[in-house]
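Data first, discussion second: the structure below is written as structure tokens.
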Amino acid sequence: MDLELKEKIIIVTGGAKGIGEGIVQVLASEGAIPIIIGRNKEDNQKTLGEVEAAGGQAFEVVAELTDPAACEKAVQTVLQKYGRIDGLVNNAGVNDGVGLEKGSYDAFMASLHKNVVHYYLMAHHALPALKESKGAIVNIGSKTAETGQGGTSAYAASNGARNALTREWAVELLPYSIRVNAVIVAEAWTPLYASWISTFENPEEKLKSITQKIPLEQRMTTTTEIANTVAFLLSPKSSHTTGQLIHVDGGYVHLDRAL
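Here this note's numbering is used: position 113 in the sequence shown is 365, and no number is missing along the way.
Dropping the structure here:
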């Protein structure tokens with residue numbers, strides 16, 4: 253299926269690694285020009301090089317998105333380069349373990365900036381260009397907003413906010429034909445996830461205990477599977493889909509784990 257994304261300028265925050273990298277690779281394979289927004293120049297360049305080696309196009313912008321000024325600057329850099337924005341994927345964030353019992357005000361607020369404040373700021377600054385292109389927004393979210401996880405209050409709160417903002421923006425942007433949806437992730441294999449698994453005494457057993465609870469095929473979701481859904485939601489092929497929270501998780505959240 254041709255997703256009609258050729259030459260579309262699509263910002264992907266956190267686009268150098270993990271889920272973001274998967275999204276960048278799929279978008280480039282569809283002929284889009286993904287814009288990698290990340291804090292580390294070397295990481296950005298590595299993913300950019302991989303895209304170009306595969307025959308695709310991409311661009312990268314170094315930005316620390318916890319800095320509000322950097323969010324605006326990143327958007328302006330894209331507009332100066334291309335003069336348009338056709339899509340925005342809010343993806344950057346980290347499950348940083350700021351809990352209730354062992355957290356603090358400063359840590360909680362810092363986590364909100366890492367995980368949801370820049371979602372708002374990137375959309376706010378990109379909005380004029382998205383109005384011109386009648387573009388689309390996809391927010392990447394986490395199961396933690398629905399299932400809880402323990403010891404990660406700030407990340408869970410941020411993901412609850414991501415879900416709410418998805419619905420709120422879908423309503424607010426109806427007059428501009430800008431569609432807004434979210435892809436909700438549960439257990440996806442990324443470098444960060446691999447690092448977390450490695451902290452356990454027996455990583456292989458821990459991973460097996462997790463995958464056994466994933467109903468569909470008892471395996472982790474791949475970043476490509478997430479990216480395929482994101483690409484569809486950005487494309488005109490999903491032209492009447494907005495305000496949806498779509499779980500790409502092998503049934504983890506909504507199916508009976510006793511299966």
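Even glycine gets a Cβ: it sits at the ideal position worked out from N, Cα and C.
Since the structure is predicted, the reported quantities are computational estimates derived from the model, not experimental observations.
Label residue 338 either buried or exposed according to how many other C-beta atoms from any shown protein chain fall within 10 Å of its C-beta, with 16 as the threshold for buried. Against the sequence shown, residue 338 aligns to sequence position 86. Result: buried.
Run the CB neighbour count on residue 354, radius 10 Å, all protein chains shown included, and call it buried at 16 or more, exposed below. Residue mapping note: residue 354 aligns to position 102 of the sequence shown, counting from 1. Classification of residue 354: exposed, given that the 10 Å Cβ count is below 16.
If you run the structure through DSSP and keep just helix, strand and coil, what is residue 439? The residue given as residue 439 occupies position 187 in the sequence shown. Here residue 439 sits in coil by DSSP.
How many angstroms separate the CA atom of residue 274 from the CA atom of residue 476? What you label residue 274 is simply residue 22 of the sequence shown in a count that begins at 1. What you label residue 476 is simply residue 224 of the sequence shown in a count that begins at 1. The alpha-carbon atoms of residue 274 and residue 476 are separated by roughly 5 angstroms.
When the cut-off is 7 angstroms and only beta carbons count, does residue 474 lie next to chain D? The structure shown contains no chain D, having only a single protein chain.
Which residues share a DSSP beta bridge with residue 392? By 1-based counting over the sequence shown, the position of residue 392 is 140. Paired residues: 435.
Whether residue 466 touches residue 504 by CB criterion (7 angstroms): One-based indexing of the sequence shown puts residue 466 at position 214. One-based indexing of the sequence shown puts residue 504 at position 252. Against a cut-off of 7 angstroms, the Cβ pair of residue 504 and residue 466 comes out as a contact.
Using C-beta distances below 7 angstroms, list every residue in its chain close to residue 292, excluding the 5 sequence neighbours before and after it, in chain order. In the sequence shown, residue 292 corresponds to position 40, counting from 1. For residue 292, where only same-chain residues beyond five positions count, the Cβ hits under 7 angstroms are 268.
Residue nearest to residue 351 in terms of C-alpha spacing, selected from 359, 483, 313: Start at 1 with the first residue of the sequence shown, and residue 351 comes out as number 99. The alpha carbon of residue 351 has as its nearest neighbour, out of 359, 483, 313, the alpha carbon of 359.
I'd like the span of the beta strand (DSSP E) that includes residue 340, first residue to last. Here residue 340 is taken as the residue at index 88 of the sequence shown, counted from 1. 339-342 is the span of the beta strand (DSSP E), which, as asked, contains residue 340.
Between the C-alpha atoms of residue 344 and residue 370, what's the straight-line distance to the nearest angstrom? As a working mapping, residue 344 is identified with position 92 in the sequence shown. As a working mapping, residue 370 is identified with position 118 in the sequence shown. Between the C-alpha atoms of residue 344 and residue 370 there is a straight-line separation of about 9 angstroms.
Between the CA atoms of residue 441 and residue 261 - distance to the nearest angstrom: The residue you call residue 261 lines up with position 9 of the sequence shown. The residue you call residue 441 lines up with position 189 of the sequence shown. For residue 261 and residue 441, the distance between alpha carbons rounds to 27 angstroms.
To which residues of the same chain is residue 309 closer than 6 angstroms at the C-beta, ignoring the five residues directly before and after it? Here residue 309 refers to the residue found at position 57 when the sequence shown is read from its first residue. Result list for residue 309: 285, in chain order.
If you run the structure through DSSP and keep just helix, strand and coil, what is residue 318? Sequence index remark: in the sequence shown, residue 318 carries index 66 (1-based). Of the three classes helix, strand and coil, the one that applies to residue 318 here is coil, per DSSP.
When the Cα atoms are used, what is the spatial distance from residue 433 to residue 361? Translated into the one-based positions of the sequence shown, residue 433 becomes position 181. Translated into the one-based positions of the sequence shown, residue 361 becomes position 109. Their backbone Cα atoms lie some 25 angstroms apart in a straight line.
Mind reading off the beta-carbon distance from residue 315 to residue 340? Whole number of angstroms is fine, and I expect it under 8 angstroms. For the purposes of this step, residue 315 is identified with residue 63 of the sequence shown, where counting begins at 1. For the purposes of this step, residue 340 is identified with residue 88 of the sequence shown, where counting begins at 1. 14 angstroms between Cβ atoms; not a contact.
Are residue 455 and residue 449 touching if we call contact CB-CB under 7 angstroms? Mapped onto the sequence shown, residue 455 falls at position 203. Mapped onto the sequence shown, residue 449 falls at position 197. Taking 7 angstroms as the Cβ cut-off, residue 455 and residue 449 qualify as a contacting pair.
Kindly indicate the opening and closing residues of the alpha helix (DSSP H) around residue 301. Here residue 301 is taken as the residue at index 49 of the sequence shown, counted from 1. Here the alpha helix (DSSP H) through residue 301 covers 293-305.
If you draw a straight line from the C-alpha of residue 328 to the C-alpha of residue 372, how long is it? Here the question's residue 328 lines up with position 76 in the sequence shown. Here the question's residue 372 lines up with position 120 in the sequence shown. So the alpha carbons of these two residues sit roughly 16 angstroms apart.
Run the CB neighbour count on residue 301, radius 10 Å, all protein chains shown included, and call it buried at 16 or more, exposed below. Within the sequence shown, residue 301 is the residue found at index 49, counting from 1. Looking at its Cβ environment, which holds fewer than 16 other Cβ atoms inside 10 Å, residue 301 is exposed.
CB residue 346 to CB residue 366, shorter than 7 angstroms? Position 94 of the sequence shown, counted from the first residue, corresponds to residue 346. Position 114 of the sequence shown, counted from the first residue, corresponds to residue 366. Yes, Cβ-Cβ distance for residue 346 and residue 366 is below 7 angstroms.
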